Amino acid sequence: MIGTLRNLSNDKSIHISRADKGRAVVILDKVDYIMKMESNLNDTNTFKVIEMDPTLKKEDKLQQKHLKLRNSGFITDTEYRYAHPVGSGPWKAYGLTKIHKKDLPLRPIVAVYSTFNYKLSKLLAKKLDHLRISPTIINDTFKFVDEIHSLRFYHDEIKLVSFDIISLFTKVPLDRTIELILEKMYGKPHTCTCSTKKKDDWCDNCKNRYELKSLLELATKDSHFIFNGKIYCQLQGIAMGCPLGSLFADVYINYLETKLKQRLVANAVLYWKRFVDDSFVIVKKDADIHKLLEILNSFDLAIQFTVEWRIMALFHSWIY
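Per the numbering used here: the sequence shown ends with 334, consecutive numbering throughout.
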């Protein structure tokens, strides 16, 4: 198998990659692959072609910020050495095939390992990971399956539903999510940030809040990457492949779920679990699925849910 793939990799007319989910290997015609990727990147609300590579400019800005934060004591020497960017390169985009979806669309992923803010993103993701904690999140698939089997529902009185969020990562509102993270860490902003006080006169809580906000923005905003010789800037959302992606997605969707919980329960939702952008739901037999979709899609017009019928069939096989 490995020898066959090695031989195929020499064929420049095809593109070989892993699937978006699972361990499958996907082989696509190279021209079709590029056309599908560029179709995704032609979304002018999300991406824009730029002429100049801004990597060095962004690296210099982050270097200065890191030095300032180390000198002020906001980050440690160890954190400074770990996250300080040197010799950075632009992100590189590629696509993974969604083999569980009709027409086999691609999920754009960005390889971020050598980028100016990769280690900063990784450091922040580790330090803030506890903010993702929620009773609705699936952290362990084996425990989830065991939990499903332990549920006590009469099968003829329930329905099983799966909801998927369309392009979640590129739709996550960065400013709002950053504010949610800051509120979890420091509470609501104090009046000192809204007054005429100089920043040096702010309380420590507000100073720390300000510095974390600036780091989160540097780690997530205005991402740029290369695909097929073109440089793109991402205008909204968080890049797939960014270490902070799952954290931002979970924090914002946790917020959505909390705000909509009462309405969902009032409309016959009995059980709700989610893994990133896929929600597995048990509802009463007479539940109106279209009404649930309407509720979910009313919260944020950028965050749109769809019903995943194929996953519903798999979910059905787990519980019965």
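For each residue, glycine too, the CB sits at the ideal point set by N, CA and C.
Remember, predicted model here, so these are calculated numbers, not experimental data.
Taking 7 Å as the line, does the beta carbon of residue i fall inside it for any heavy atom of the ligand FAD?
{"i": "Leu194", "result": "For the structure depicted, the ligand FAD is absent and the ligand set is empty, with no information on it obtainable."}
Take residue i as the anchor and find which of the options has the nearest alpha-carbon.
{"i": "Lys305", "options": "Arg84, Gly259, Ser181, Val321", "result": "Val321"}
{"i": "Lys141", "options": "Leu76, Cys217, Met199", "result": "Met199"}
{"i": "Ser128", "options": "Glu271, Leu315, Phe177, Lys106", "result": "Lys106"}
{"i": "Thr205", "options": "Leu138, Cys220, Phe241, Leu42", "result": "Cys220"}
{"i": "Gln250", "options": "Lys133, Arg223, Leu226, Thr191", "result": "Thr191"}
{"i": "Ser27", "options": "Ile48, Phe241, Val63", "result": "Ile48"}
{"i": "Lys71", "options": "Asn153, Gly243, Asp236, Arg95", "result": "Asp236"}
{"i": "Glu339", "options": "Ala301, Ser31, Ile30, Trp286", "result": "One cannot answer for residue 339 here, as it falls past the ends of the chain, which runs 15 to 334."}
{"i": "Leu42", "options": "Leu83, Asp117, His80, Ile64", "result": "Asp117"}
{"i": "Ile113", "options": "Ser31, Asp91, Ser53, Leu226", "result": "Ser31"}
{"i": "Ile64", "options": "Lys244, Cys256, Lys136", "result": "Lys244"}
{"i": "Asp143", "options": "Leu261, Arg84, Arg95, Ser53", "result": "Leu261"}
{"i": "Glu197", "options": "His169, Ser53, Ile303, Leu226", "result": "Leu226"}
{"i": "Phe177", "options": "Ser312, Lys35, Asn24, Ile303", "result": "Ile303"}
Looking at residue i: is its Cβ nearer than 8 Å to the Cβ of residue j?
{"i": "Phe61", "j": "Tyr246", "result": "yes"}
{"i": "Val175", "j": "Val39", "result": "no"}
{"i": "His238", "j": "Pro122", "result": "no"}
{"i": "Asp291", "j": "Ala263", "result": "yes"}
{"i": "Leu120", "j": "Ala33", "result": "no"}
{"i": "Ile267", "j": "Arg288", "result": "yes"}
{"i": "Leu76", "j": "Leu134", "result": "yes"}
{"i": "Leu270", "j": "Asp314", "result": "yes"}
{"i": "Phe88", "j": "Asn222", "result": "yes"}
{"i": "Leu274", "j": "Leu310", "result": "yes"}
{"i": "Leu284", "j": "Ile151", "result": "no"}
{"i": "Phe241", "j": "Met51", "result": "yes"}
{"i": "Val265", "j": "Arg146", "result": "yes"}
{"i": "Leu188", "j": "Ile252", "result": "yes"}
{"i": "Leu232", "j": "Lys82", "result": "no"}
{"i": "Lys115", "j": "Pro257", "result": "no"}
Taking its Cβ as the centre, do 16 or more other Cβ atoms sit within 10 Å of residue i, making it buried, or is it exposed?
{"i": "Met254", "result": "buried"}
{"i": "Asp74", "result": "exposed"}
{"i": "Pro104", "result": "buried"}
{"i": "Ile195", "result": "buried"}
{"i": "Thr272", "result": "exposed"}
{"i": "Gly385", "result": "Given that the chain is displayed from residue 15 to residue 334, the structure contains no residue 385 and the question cannot be resolved."}
{"i": "Thr234", "result": "buried"}
{"i": "Cys217", "result": "exposed"}
{"i": "Ile179", "result": "buried"}
{"i": "Leu182", "result": "buried"}
{"i": "Leu165", "result": "exposed"}
{"i": "Thr184", "result": "buried"}
{"i": "Gln248", "result": "buried"}
{"i": "Phe167", "result": "exposed"}
{"i": "Phe156", "result": "exposed"}
{"i": "His29", "result": "buried"}
{"i": "Val297", "result": "buried"}
{"i": "Val124", "result": "buried"}
{"i": "Val159", "result": "exposed"}
Does the count of Cβ pairs from the region 98–108 and the region 265–278 closer than 8 Å reach three? no
Please list the segments of the alpha helix (DSSP H) lying wholly inside the region 240–271, counting only runs of 4 or more residues, in order along the chain. The qualifying runs do not exist here; there are none.
Beta strand (DSSP E) runs contained entirely in the region 123–194, provided each spans 3 or more residues: 172–179
Would you list, in sequence order, the uninterrupted beta strand (DSSP E) runs of no fewer than 3 residues that lie entirely inside the region 43–120? 61–64, 105–111
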